[in-house]
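Here the structure is laid out as C-alpha cells; the discussion comes afterwards.
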Ligand code: FAD
Ligand code: NAD
Ligand code: NAD
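Numbering (our numbering), first residue to last: -2 to 472.
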C-alpha cells in the first residue's frame, strides 16, 4: 500500500529508560546541545554520531517521551482498539507491530555520562525540561528551572505548538477543549472518546486525518459521533483545488464524519454538561469534546534572548542554506524558515523536511569544514481514510493556478480537470507559469520523477511530456 514505504524498521528492546528512571543531574556543559526532542533533533544526532566518533550530545525536550514520529498519531495508532498496543504507543500493520519511537530507550544515555572522556560517543536525553533562554554570544542556554548549560554547538529544533482559539478559552469551556500534537495528546484523546461526541475544528491535514480516524473508531463502536467544522468550502481546501476538495469532502462524509464546511464557530456555551457550538451558518453542534486543529505556531521563544531574526511572513527562525542561524547555532524542521533556491523562502511543516534538514544541520555541525547546503526538495504524504492517500512535493497551495489530470475509467489519454472520478491522478500547481508543486493522488513511487520536473522548471506548455514522465497511466 502507499503507506508501507513510511514504516520504521527499528525493533523495540527497552532496558534503561531515561524517562522513568531518576534523572541524574544535568551537565553544565555539553559539546552538542539539541533543543527539542522531535524528528529534526533525532536525525541531527544520528548524523553527528556518524561524523564525530567521540561526540557528546544532549537532546533536551519538554516532552516526557524520547524522540518519536508524529505521523502515526493521526492515522495508524487509531487502527486498533487493543489496549496493549495503545498504551505502548505501538501500531499494527498486518502481522507486525511498530513503535512510534525512533530508538529503544536504551539507545539514550543518562546526561551524567556527558562528562565521560573521549573517544566514547554519548547520545544523552533529558526529558521534561524547557529551554527558556539562549545567550548566543556566550553560548549557553537557561532552562525554565534556572539551570544553565554551555555548549559548543547548538541546534534549535523546537517545532511548533498547536494554535488555539480565544472563543474556546473561557474557564467553563476549557476543560472540554484540547489541541493535538503529541503522544500524550493521543493517549488522552483515545481514552476519552468512547461514547463521546467529538467536534474537530479545522479542515486541514490534522483535522481531516483525525476526523476520519475517529469516525473509523466510531464504526467499531469505540467513539461517539464525529463532527468537523472549518471555514473552507471542503476538506483540505487550503491544499486541494475546489473540485478535488469537494470530492474529498464526500469521501470524509462516507467515512462517517458529519462535516460543516464554510463555517466558523461563532459562539460556544455549556449546557447540561455538554458543549454547544453555534456556527456562522446557524447550526448548533452539541458535543462532549472539542479538538482544535487550526494550524501551528513555530516555537521561536528563543528569538528575543538570542537576538535571532524571525521571518515576518512565514514565521520561524531565519536560517541560511546551511540551516545555520549564526555561528555555532543551527535550526531545522518546522521551526526553520529557509531559502529554497527553486521556490523561494519557505517554512515546511512535514516529516521528510524535518528528517533531512536535521541531518544537514548535523552534518554542518560535526563534519570538519562541512558547508553543505540544504537542497533537498522534500516530500510529504497524507492519508485520509481508505480512499485518499497522496504523496506530494513542492508548493501545493490551492491559491495557485492548478491543472489536474485524472485516470478515469476506460480513458487512455489525459483529460484536464473534467471528471467526477478522482481516484488516481496528478495535480500540478503553477507559479508564474512554472510547475512548482505536484500532488500524486493514490499513485505511489512518483516523487522522484516529480522532483526532476520541479528542478527542470517545466512550464504549463509541457504537460504532455510531464504527464508521461509521471507515468499517470502505469501500474
Ligand atoms: P517537532 O516534532 O514538533 O518536535 C519539537 C520538539 O521540541 C517537541 O518535542 C517539543 O516539545 C520540543 N520543544 C519545543 N520547545 C522547546 C523548548 N523551549 N525546550 C525544550 N523542548 C522544546 N508530516 C508528514 O509529512 N506526513 C504525515 O503524515 C504527518 N502526520 C502528522 C501527524 C500529526 C498528528 C502531526 C502533529 C504532524 C504530522 N506531520 C506529518 C508533520 C510532522 O510530524 C512535523 O513536520 C514534524 O514533527 C516536525 O519535526 P520537528 O522536529 O521540527 O518538530
Ligand atoms: P561544568 O563546570 O561542567 O560546566 C560549565 C562551565 O563550562 C561553564 O562555567 C563554562 O565556562 C564552561 N564551558 C563553556 N564552554 C566550554 C567548553 N567548550 N569546554 C569546556 N568547558 C566549557 O558545569 P556546572 O554546571 O557549571 O558545574 C559546576 C558546579 O555547579 C556543579 O557542582 C553543579 O552541580 C553546580 N551547579 C550548576 C548549575 C548550572 O546551572 N549549570 C546550577 C547550580 C549548580
Ligand atoms: P493546517 O494548516 O493544515 O490546517 C489548519 C486548519 O485550521 C484550516 O482548515 C484552517 O482554515 C483552520 N483555521 C485556521 N485558523 C482558524 C480560525 N481562526 N478559525 C477556524 N479555523 C481556522 O494545520 P493542522 O491541520 O492544524 O495541522 C497541524 C500541523 O500538523 C501542521 O503543521 C500540519 O502540517 C501537520 N500535520 C501534517 C500531516 C501530514 O503531512 N499528513 C498530518 C497531520 C498534521
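The beta-carbon is built from N, C-alpha and C at its ideal position, and this holds for glycine as well.
Quick caveat: nothing in here was measured; it's all calculated off a predicted structure.
| said: Could you pull the DSSP bridge partners for residue 476 from this structure? | reply: The structure shown does not extend to residue 476, since the chain is modelled only from -2 to 472, so the question has no answer here.
| task | Give a yes or no on contact between the segment 349 to 361 and the segment 223 to 239, applying the rule of three or more CB pairs nearer than 8 Å. | result | no
| query | Where does the unbroken beta strand (DSSP E) through residue 422 begin, and where does it stop? | reply | 422 to 428
| task | Check residue 68 in the structure and name its three-state DSSP category. | result | helix
| Contained beta strand (DSSP E) runs [length at least 3] in the segment 145 to 209, N- to C-terminal order | 145 to 153, 157 to 159, 174 to 176 and 195 to 198
| On the three-state DSSP scale, how would you describe residue 260? | coil
| field | Cut-off 7 Å between Cβ atoms - residues of its own chain near residue 78, not counting five sequence neighbours on either side | value | 217 and 219
| query | So is the beta-carbon of residue 199 under 7 Å away from any non-hydrogen atom of ligand 1? | reply | no
| query | Would you say the beta carbon of residue 346 comes nearer than 7 Å to a heavy atom of ligand 3? | reply | yes
| message | Between residue 455 and residue 288, how many whole angstroms is the CB-CB distance? I'm expecting something under 8 Å. | response | Residue 455 to residue 288, Cβ: 40 Å. No contact.
| task | Note down, in chain order, each residue of its chain lying with its Cβ closer than 6 Å to the Cβ of residue 90, except the 5 sequence neighbours on either side. | result | none
| Burial state of residue 309, where buried means 16 or more other Cβ atoms lie within 10 Å | exposed
| field | Host alpha helix (DSSP H) of residue 251 (start-end) | value | 239 to 251
| message | Tell me the rounded alpha-carbon separation between residue 45 and residue 105. | response | 14 Å
| query | Any idea if residue 359 is buried or exposed, counting beta-carbon neighbours within 10 angstroms, 16 or more meaning buried? | reply | buried
| task | Using the Cα positions of residue 138 and residue 373, report the straight-line distance between them to the nearest angstrom. | result | 30 Å
| field | Close beta carbons around residue 175, own chain, < 6 Å, minus the five adjacent residues each side | value | 288
| query | Which whole runs of the alpha helix (DSSP H) in the segment 255 to 320 are 4 residues long or more, in chain order? | reply | 300 to 303
| query | In three-state terms, what does DSSP make of residue 379? | reply | strand
| Which residues bound the beta strand (DSSP E) around residue 345? | From DSSP, residue 345 is part of no beta strand (DSSP E); its letter is neither H nor E.
| request: For residue 19, count neighbouring C-beta atoms within 10 Å of its own C-beta (all shown protein chains included) and say buried if the count is 16 or more, exposed if not. | output: Because residue 19 carries a pLDDT of 47, less than 50, the predicted location of this residue cannot be relied on, and no value is offered for it.
| said: Using 8 Å as the threshold, is the C-beta distance between residue 208 and residue 41 below it? | reply: no
| said: Tell me the residue span of the beta strand (DSSP E) that contains residue 437. | reply: 431 to 438
| For residue 11, which residues from the same chain have a beta carbon less than 8 Å from its beta carbon, with the 5 sequence-adjacent residues on both sides left out? | Any reading at residue 11 is ruled out, since the residue's pLDDT is 39, under 50, leaving its predicted position unreliable.
| message | residue 330 and residue 390 - do their beta-carbons sit closer together than 8 Å? | response | no
| Whole-angstrom C-beta distance between residue 293 and residue 159, which should lie under 8 Å | 6 Å
| message | For residue 72 and residue 270, what's the separation of their Cα atoms in angstroms? | response | 29 Å
| field | Outcome for residue 344 when other beta-carbon atoms lying within 10 angstroms are tallied against a minimum of 16 | value | buried
| Touching or not, the segment 49 to 58 and the segment 23 to 32, by the rule of three or more beta carbon pairs under 8 Å? | yes
| Where does the unbroken beta strand (DSSP E) through residue 388 begin, and where does it stop? | 385 to 391
| request: Rounded to whole angstroms, what's the CA-CA distance from residue 399 to residue 238? Just pull it up for me. | output: 7 Å
| task | Put residue 105 into one of helix, strand or coil per three-state DSSP. | result | coil
| query | Three or more beta-carbon pairs under 8 Å between the segment 196 to 205 and the segment 294 to 303, yes or no? | reply | no
| request: Ignore the nearest five residues each way along the sequence and tell me which others in residue 305's own chain have a CB closer than 6 Å to its CB. | output: 314 and 322
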